[in-house]
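Peer 1:
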Amino acid sequence: MDSRDAAADSEVVTQHQLPPGMIGARVRRKEDPRLLTGRAQYVDDIVLPGMLEAAILRSPHPHARIRGVDTSRARALPGVFEVLTGPDARDACAAPQPVIWLMIPDQRMTDQYALAVDKVRYVGQPVAVVAAANRYIAEDALALIDVDYEVLPAVSTLDAALAEDAPRLYEDWPDNVSCRQTIPKGDVEKAFAEADVIVSETLTFGRQMGAPLETRGSIMSWDPFSDRLDAWLSTQSPNLARDLLGEVLGLPVERIRVRTPDVGGGFGNKFDFYAEEVLAALLSKRTGRPVKLIEDRYESFAANAHSREQRIEVAVAAQADGTITGMRGTVWAVLGGQLGTVGIGPCWLSMALLSGPYDIPNVEGTVVGVVTNRSPYGSYRGWGQPKCNFAHERIVEKLARELGMPANEIRRRNLIAPEKFPYSSPVFFYDSGNYAECLSAAEQAVAERGWAKRVSSAADEGRCLGIGYSFHIEITALGPTKIMNGAGLQHGSFDEEVVRIDSSGGVTVRTGLSELGQGIETALAQVAADTLGVPLDSVTVLSGDTETSPFTGYGTGASRGAALGGGAVLRASTRLRDKVLRIAGHLLEASPADLEINNGRISVAGTPTGPSVTMRDIGDATYRRLAGNLPDGEAPTLEERDVLDPDNVAFSYGSTAVLVEVDHETGQVNVLEYLLAHDCGTVINPMIVDGQIHGGAAQGIAGALYEEILYDTDGQLLTRSFMDYLMPTASEIPTFGTVHLTTTADHIPGGFKGMGEAGTIGAASAITAAIENALPDLDLHLRRIPVTPPRLLAQIHAARTGETP
Ligand code: MCN
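Using our numbering, the first residue of the sequence shown is number 62, and each one after it goes up by one.
(1) Ala379 lies in the beta strand (DSSP E); which residues open and close that run?
(2) On the three-pair Cβ rule with 8 angstroms, is the segment 730–739 touching the segment 794–811?
(3) Under the criterion of a Cβ to heavy atom distance below 8 angstroms, does Glu818 qualify as lining the ligand MCN?
(4) Quick check on the burial criterion: 16 or more other C-beta atoms within 10 angstroms. Buried or exposed for Glu225?
(5) Run the CB neighbour count on Phe286, radius 10 Å, all protein chains shown included, and call it buried at 16 or more, exposed below.
(6) For the alpha helix (DSSP H) that Trp409 lies in, which residues bound it at each end?
(7) Alpha carbons only, please: which of Asp93, Leu343, Val160, Arg662 is nearest the one belonging to Thr146?
(8) Cutting at 6 angstroms between CB atoms, please list the residues of its own chain near Met412, excluding the five before and the five after it.
(9) Please classify Asp492 as buried or exposed, where buried requires at least 16 neighbouring CB atoms within 10 angstroms.
(10) Rounded to the nearest angstrom, what separates Ala239 and Asn300 at their Cα positions?
(11) With a threshold of 8 angstroms, establish whether the CB of Thr790 neighbours any heavy atom of the ligand MCN.
(12) Just curious, the alpha helix (DSSP H) that Pro908 is in, first and last residue?
(13) At a cut-off of 8 angstroms, is Leu620 close to the ligand MCN when judged by its beta-carbon and the heavy atoms of the ligand?
(14) For Arg318 and Arg358, I'd like the C-alpha separation in whole angstroms.
(15) If the criterion is Cβ atoms closer than 9 angstroms, does the pair Gly398 and Thr171 meet it?
(16) Counting C-beta neighbours from all protein chains within 10 Å, is the total for Gly406 16 or more, i.e. buried, or is it exposed?
(17) How big is the Cα-Cα spacing for Arg781 and Phe362?
(18) Contact defined as beta carbons within less than 8 angstroms: I believe Ala378 pairs with Ala468. What is the distance between those atoms, to the nearest angstrom?
(19) DSSP on Ser295, reduced to helix/strand/coil?
(20) Which same chain residues, not among the five before or five after Ser279, have their C-beta less than 6 angstroms away from its C-beta?
(21) Using alpha carbons as the reference points, say which of Pro273, Glu700, Glu200 lies closest to Arg571.
(22) Which residue comes first and which comes last in the beta strand (DSSP E) that contains Arg643?
(23) So, under 8 angstroms CB-CB, Pro418 and Ile544 are touching, yes? Tell me the CB distance rounded to an integer number of Å.
(24) Could you check whether the Cβ of Ala222 sits closer than 8 angstroms to any heavy atom belonging to the ligand MCN?
(25) Confirm the yes/no value for this check: CB of Arg442, any heavy atom of the ligand MCN, distance under 8 angstroms.
(26) Can you look up Ile846 in the DSSP assignment and give me helix, strand or coil?
(27) Whole angstroms are fine: how far does the CA of Leu836 sit from the CA of Leu853?
(28) Helix, strand or coil: how does DSSP classify Glu114 here?
(29) Buried or exposed: where does Gly82 fall if 16 or more other Cβ atoms within 10 Å of its Cβ makes it buried?
(30) Tell me whether Gly764 sits in a helix, a strand or coil according to DSSP, three-state version.
(31) Identify every run of the beta strand (DSSP E) within the segment 206–247, keeping only runs that are complete inside it and at least 3 residues long; order them along the chain.
(32) Look at the alpha carbon of Arg524 and the alpha carbon of Leu841, and state the distance between them as a whole number of angstroms.
(33) Cα-Cα, which of Gly627, Glu833, Ser792 is closest to Ala538?
(34) Does the beta-carbon of Asp703 have 16 or more other beta-carbons within 10 angstroms, so that it is buried, or is it exposed?
(35) Check whether the Cβ of Cys499 lies closer than 8 angstroms to any heavy atom of the ligand MCN, and answer yes or no.
(36) With a 10 Å radius around its C-beta and 16 neighbouring C-beta atoms as the bar for buried, classify Ser517 as buried or exposed.
Below you can see the structure in the form of structure tokens.
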């Protein structure tokens with residue numbers, strides 16, 4: 062159903078109404094009034110007494126040796142309190158900047174200090190930092206720092222880095238390769254030797270990043286008397302940041318408090334842990350004052366985690382009927398000059414999920430991490446998945462063409478069948494799903510909308526419209542600490558949630574998860590309200606402070622919030638409900654088993670007008686007038702805590718269909734309509750899920766057609782503002798439709814799976830297929846993302862002339 066139709070058909074519920082169950086209700090978001098009326102508080106809104114502001118001097122060179130840094134002129138500027146250089150930062154830290162995801166044990170590590178010590182390896186790398194009375198003075202002081210660079214030849218591209226005589230970023234390495242790993246399943250050699258047909262492809266995914274409205278920022282206040290650090294951080298991962306601050310600064314974590322005010326978008330970028338956090342803390346320690354460090358937009362382009370950039374060589378072996386028997390692929394990760402917090406993680410995941418939703422008995426994936434003079438690689442919505450999706454979907458399209466079959470027939474023939482779950486892929490166990498049904502749901506929605514007719518009518522008018530499909534899986538609910546530690550993650554990934562009823566019967570959920578705009582506050586409140594049988598507006602969700610919030614594994618990322626947080630809230634609320642019923646049974650002289658809770662009122666089931674007590678009565682009996690009102694042996698207080706560390710991750714999935722129009726004269730592509738048939742288990746709030754899909758798909762469209770971080774051949778960053786990085790606006794984004802299917806995750810309480818990255822994963826694959834289908838007379842093979850107008854024109858020209866593009 063189109064989400065706009067759905068919104069009209071199924072009434073949006075206000076917080077004051079109680080539908081039969083709050084799980085699955087289209088409730089308006091609890092966080093919206095705050096966000097929409099300007100009452101949200103971001104890091105930059107916070108002003109502390111005596112606070113200084115910091116600014117960072119960043120390398121203008123992609124690769125250079127630092128012969129010396131003279132800070133004397135900057136230090137002499139009135140209003141400057143402190144200037145730090147690389148050796149200062151190195152000596153003041155107990156450990157280098159951490160890499161928390163070490164999937165490949167013998168990976169070569171890079172220099173990881175918060176400020177470059179003797180060499181810079183990318184444009185934008187921090188070289189020195191100034192704390193001053195205000196940002197203006199700090200920026201002026203940067204201009205007075207003299208750095209003596211010896212400029213070195215840079216390697217800007219994958220090929221340049223792999224060339225035999227390539228300059229090496231790390232002189233003690235034999236080449237620029239940081240790591241390599243192959244994971245096999247079955248007998249790939251045999252599958253290829255016995256294949257009826259083999260198709261192969263080399264694909265390139267451009268460098269991209271999330272572009273949150275609020276750039277990264279922190280305030281650090283180090284109390285010299287108690288040796289405690291108070292941090293305000295725009296982060297997705299408060300507990301991770303606290304642990305890593307402790308590790309780098311050599312401070313026990315109980316002396317670190319991380320507060321996370323509203324986060325103005327994160328998109329994965331704010332999952333990672335950056336040098337800036339450490340620098341602000343060091344400056345605060347040195348000056349004895351709070352220090353604020355806010356990234357400006359240029360810094361965001363240069364120093365925020367970059368992502369996506371990869372080359373993937375992929376091949377499949379198949380039988381003449383389209384059954385794929387083998388797959389082989391190499392993911393070339395174009396890393397930056399240093400490893401980011403998640404190391405090779407996203408690229409490793411591209412390799413690990415190379416076969417995607419397909420039941421391929423023989424698969425061999427290899428990942429190679431190559432350092433270049435570009436910014437560090439890190440997290441971005443979808444992690445490795447948009448890239449491996451591009452690989453398996455492009456190769457399916459190519460196989461279909463080779464065999465003269467419709468691509469969806471190849472998909473249907475190879476999708477993992479429902480009875481094969483749990484399915485063992487080369488690395489992960491996929492828990493549940495009905496993939497073929499989902500593909501059919503997308504096809505049906507396309508048929509209902511009459512897209513085929515629109516394509517043919519447009520052709521009659523000389524216009525080129527095309528339909529493209531893709532199928533994606535999404536790893537969510539990360540997740541099981543045992544599996545994640547086994548896969549190299551150096552951090553727990555379980556989640557704790559606390560649910561409490563107070564003396565007036567109100568419910569408070571405490572969570573460690575950060576609200577980035579994804580609606581977790583509402584989702585957790587819905588789960589608690591549904592389980593406890595109370596109105597939604599009686600539930601308050603609190604988070605944002607490690608001192609008072611429970612522990613959240615590695616934070617909000619990997620679409621884990623709804624499943625792990627929701628599952629833990631559900632279990633804690635269930636136990637709390639049992640206690641409420643025991644107390645109510647005592648008060649009503651009834652058996653708890655005979656009672657039910659409706660809209661916060663407890664009565665014997667089926668007797669709504671009979672004797673009853675309210676949640677307020679229960680609160681009163683528990684906290685205020687206990688004597689005689691609590692059952693014997695029942696401890697006072699109404700609070701439950703639950704820890705969820707599930708046995709397995711949960712795989713969501715979906716089928717994307719797009720309708721595009723291509724102007725073959727200009728190379729311009731317009732996405733006219735966008736559909737996603739989708740399954741994320743039990744949906745907590747369909748309106749938010751639709752919104753998440755739309756937002757994710759907008760980022761997917763951006764990645765497929767518009768956004769790319771570009772460097773010149775010398776490693777100079779060309780993309781420095783939104784004039785260069787073409788983030789699409791509402792006028793480039795089409796109408797969306799969503800179709801929801803439900804296959805629950807039986808190992809997660811509530812059956813929830815995540816979906817926060819769903820929209821981004823299958824976009825590029827579906828859009829490239831649609832562009833090719835819009836120009837059926839040309840044998841186009843789109844291999845590079847984003848498909849910008851000049852690139853598409855070159856492809857069209859090559860297809861017409863037979864020249865190589
Ligand atoms: N939801 C639901 N039922 C489900 C699953 C999800 O109702 N079965 C709803 C819930 O309201 C939940 C939201 O969808 O809050 C997203 O749920 P989930 O998939 O668990 O994702 P997380 O809460 O872990 O959020 C992180 C995820 C990721 S990884 C990125 S990146 C991301 C994203 O979500 N960044 C975002 N969505 C974003 N949305 C906004 N506005 N801004 C970002 O930075």
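Where is the CB? At the ideal position from N, CA and C, for every residue including glycine. All values reported here derive from a predicted model rather than from experimental measurement.
Peer 2: Let me spell this out:
(1) Residue 379 sits at position 318 when you count from the first residue of the sequence shown. Ala379 -> beta strand (DSSP E) spans 371–379.
(2) With contact defined as three or more Cβ pairs closer than 8 angstroms, the segment 730–739 and the segment 794–811 are in contact.
(3) Within the sequence shown, numbered from 1, the residue matching residue 818 stands at position 757. For Glu818, the distance from the CB to the nearest heavy atom of the ligand MCN is below 8 angstroms.
(4) Here residue 225 refers to the residue found at position 164 of the sequence shown. Exposed.
(5) Reading the sequence shown from its first residue, position 225 is the one you call residue 286. With fewer than 16 other Cβ atoms within 10 Å, it is exposed.
(6) Residue mapping note: residue 409 aligns to position 348 of the sequence shown, counting from 1. Start and end: 406–413.
(7) In the sequence shown, the residue the question calls residue 146 occupies position 85. Here the closest residue by C-alpha is Leu343.
(8) As a position in the sequence shown, residue 412 is number 351, starting the count at 1. Closer than 6 angstroms at the Cβ level, and outside the excluded window around Met412, lie Val392, Gly426, Val428.
(9) For the purposes of this step, residue 492 is identified with residue 431 of the sequence shown, where counting begins at 1. Burial call: buried.
(10) Here residue 239 corresponds to residue number 178 of the sequence shown, with the count starting at 1. Here residue 300 corresponds to residue number 239 of the sequence shown, with the count starting at 1. Before going further, note that residue 239 is Ser rather than Ala in the sequence given. Going from the Cα of Ser239 to the Cα of Asn300 covers about 28 angstroms.
(11) Along the sequence shown, read from residue 1 onward, the residue named residue 790 stands at position 729. With a cutoff of 8 angstroms, Thr790 does not count as near the ligand MCN, since its C-beta is closer than that to no heavy atom of the ligand.
(12) Lying outside 62 to 866, the shown extent of the chain, residue 908 is not represented and no answer is given.
(13) For the purposes of this step, residue 620 is identified with residue 559 of the sequence shown, where counting begins at 1. In the sequence under discussion, the amino acid at residue 620 is Ser, which differs from the Leu named in the question. Yes, Cβ of Ser620 sits closer than 8 angstroms to a heavy atom of the ligand MCN.
(14) Translated into the one-based positions of the sequence shown, residue 318 becomes position 257. Translated into the one-based positions of the sequence shown, residue 358 becomes position 297. Those two C-alpha atoms are separated by around 27 angstroms.
(15) Working through the sequence shown from its first residue, we reach residue 398 at position 337. Working through the sequence shown from its first residue, we reach residue 171 at position 110. Cβ atoms of Gly398 and Thr171: closer than 9 angstroms.
(16) Here residue 406 refers to the residue found at position 345 when the sequence shown is read from its first residue. Buried: at least 16 other Cβ atoms inside 10 Å.
(17) One-based indexing of the sequence shown puts residue 781 at position 720. One-based indexing of the sequence shown puts residue 362 at position 301. Those two C-alpha atoms are separated by around 6 angstroms.
(18) Translated into the one-based positions of the sequence shown, residue 378 becomes position 317. Translated into the one-based positions of the sequence shown, residue 468 becomes position 407. About 18 angstroms separates the two Cβ atoms, so there is no contact after all.
(19) Along the sequence shown, read from residue 1 onward, the residue named residue 295 stands at position 234. Per DSSP, reduced to three states, the secondary structure at Ser295 is coil, with no helix or strand assignment.
(20) Residue mapping note: residue 279 aligns to position 218 of the sequence shown, counting from 1. Contacts found: Leu294, Glu338, Ala341, Leu354.
(21) Taking the first residue of the sequence shown as 1, we reach residue 571 at position 510. Closest by alpha carbon: Glu700.
(22) Indexing the sequence shown from 1 puts residue 643 at position 582. No beta strand (DSSP E) holds Arg643; the alpha helix (DSSP H) holding it covers 627–649.
(23) For the purposes of this step, residue 418 is taken as residue 357 along the sequence shown, with counting starting at 1. For the purposes of this step, residue 544 is taken as residue 483 along the sequence shown, with counting starting at 1. The C-beta separation of Pro418 from Ile544 comes to about 20 angstroms, leaving the pair out of contact by the 8 angstroms criterion.
(24) Working through the sequence shown from its first residue, we reach residue 222 at position 161. Every heavy atom of the ligand MCN is 8 angstroms or more from the Cβ of Ala222, so no.
(25) Sequence index remark: in the sequence shown, residue 442 carries index 381 (1-based). Yes, Cβ of Arg442 sits closer than 8 angstroms to a heavy atom of the ligand MCN.
(26) Translated into positions along the sequence shown, residue 846 becomes position 785. In the three-state DSSP reduction, Ile846 falls in the strand class (E or B).
(27) As a working mapping, residue 853 is identified with position 792 in the sequence shown. As a working mapping, residue 836 is identified with position 775 in the sequence shown. C-alpha separation (whole angstroms): 11 angstroms.
(28) Counting from 1 along the sequence shown, the entry for residue 114 is found at position 53. Of the three classes helix, strand and coil, the one that applies to Glu114 here is strand, per DSSP.
(29) Here residue 82 refers to the residue found at position 21 when the sequence shown is read from its first residue. Taking a 10 Å sphere around the C-beta of Gly82, we find fewer than 16 other C-beta atoms and assign the residue as exposed.
(30) Your numbering for residue 764 matches position 703 in the sequence shown. Helix, per DSSP.
(31) With a minimum length of 3 residues, the continuous beta strand (DSSP E) runs that stay inside the segment 206–247 are 207–212, 238–246.
(32) Start at 1 with the first residue of the sequence shown, and residue 524 comes out as number 463. Start at 1 with the first residue of the sequence shown, and residue 841 comes out as number 780. Roughly 17 angstroms separates the two Cα atoms.
(33) In the sequence shown, residue 538 corresponds to position 477, counting from 1. When only C-alpha atoms are compared, the closest one is Gly627.
(34) Against the sequence shown, residue 703 aligns to sequence position 642. Counting other Cβ atoms within 10 Å of its Cβ, Asp703 reaches 16 or more and is therefore classed as buried.
(35) To locate residue 499, count along the sequence shown from 1; it is residue 438. Because no heavy atom of the ligand MCN lies under 8 angstroms away, the Cβ of Cys499 does not count as near it: no.
(36) Start at 1 with the first residue of the sequence shown, and residue 517 comes out as number 456. When all chains shown are included, Ser517 counts as exposed.
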